[in-house]
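First comes the structure, then the notes that go with it.
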Amino acid sequence: MAVSVISYFVPFTKPVARFTRESGQIPAIWGEAYAVINPYFDEVNSAIKGYLEDKGFPSFTIAATHTYNEADMKSMWSHRSAAAIAGLGTFGANRMLITPRGAAGRFSTVLTAARLTPTPPVAEEMCPYKRDGSCGLCFKICPVHALHSDGIDRFACQAETRKNEKLIKESTGLSQADVCGKCISVCPYAYID
Ligand code: B12
């Protein structure tokens with residue numbers, strides 16, 4: 000039985016985090032970061048699982064991505080909700096979780112029967128729009144107007160990420176880079192040193 004949730008964040012570097020807002024080009028560097036990190040999540044997760052199971056605690060890993068149902072565009076597991084509950088950050092208006100190391104990056108999760116001490120949560124509201132209604136840059140930059148204050152059109156967002164996947168494949172040969180990242184790159188907290 001799972002007793003603890005291990006949630007962790009891998010931030011992108013500053014050039015990756017800021018790339019899509021400084022360039023009208025396709026987000027190839029963002030796509031590369033996304034595609035490169037995915038197999039590492041499998042490695043890191045299996046190392047965590049192996050370590051805990053050697054100590055007698057059954058553990059279970061959850062894939063970083065492509066875990067969702069195409070019909071409703073939802074996954075059975077939300078890495079960012081897990082991360083929020085684990086105390087890693089607060090949600091931005093762009094629906095990304097903002098951590099003390101920024102929002103540009105990726106989350107993963109391991110469930111374990113080990114009883115672990117929780118990390119103290121990030122208490123401060125990071126997103127300026129959520130704080131006082133200012134900023135809102137993420138709504139303005141979305142190329143397909145998918146992002147609104149009351150939610151996201153998941154299908155419009157996915158159409159954009161799939162369009163970029165095709166363009167990235169044609170220009171760099173990289174596969175499975177279905178990305179965008181504009182709504183993160185304009186966030187004042189995309190990257191935090
Ligand atoms: C399906 C999916 C998509 C779909 C739908 C996106 C959407 N917003 O729903 C598409 C293909 C469009 C997409 C696009 C993108 N995605 Co995406 N996607 C996922 C995936 C696989 C599942 C999300 C999901 O369905 N979860 C289940 C639903 C029920 O939960 P949820 O969407 O997280 O929303 C819940 C929370 O917001 C929660 N909530 C709201 N407020 C609060 C407050 C508190 C305190 C708590 C606890 C919870 C909570 O309530 C919501 C409903 O239950 C996750 C990986 C994963 N398994 O988590 C990545 C993930 C969400 N994607 C990610 C990224 C980076 C992107 C893109 C930037 C594309 C890219 N890689 O370049 C865009 C950004 C779109 C956006 N602004 O949201 C990252 C987010 C990283 C971050 N910093 O938060 C994730 C976590 C992948 C990862 N392993 O890191 N994605």
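Using numbering that gives the first Met the number 0, count along the sequence shown one by one with no gaps and you end on 192.
All residues carry an ideal CB built from backbone N, CA and C; glycine is no exception.
Within the same chain, and ignoring the five residues on either side of I28 in sequence, the residues whose Cβ sits closer than 8 Å to its Cβ are P14, V15 and F18. Here the distance from the Cβ of N44 to the nearest heavy atom of ligand 1 is not below 7 Å. Residue L87 holds the alpha-carbon nearest to the alpha-carbon of I5 among V178, L87 and E169. Contact annotation: Y67 and S74 have beta-carbon atoms nearer than 8 Å. Each residue's CA atom was taken as its position, placing I25 and T60 some 32 Å apart. Taken from the Cβ of S77, at least one heavy atom of ligand 1 lies inside 7 Å. For ligand 1, a non-hydrogen atom lies closer than 7 Å to the CB of L146. DSSP places I28 in the helix class (H, G or I) of the three-state scheme. Annotation: the continuous beta strand (DSSP E) that includes T111 extends over G104 to T111.
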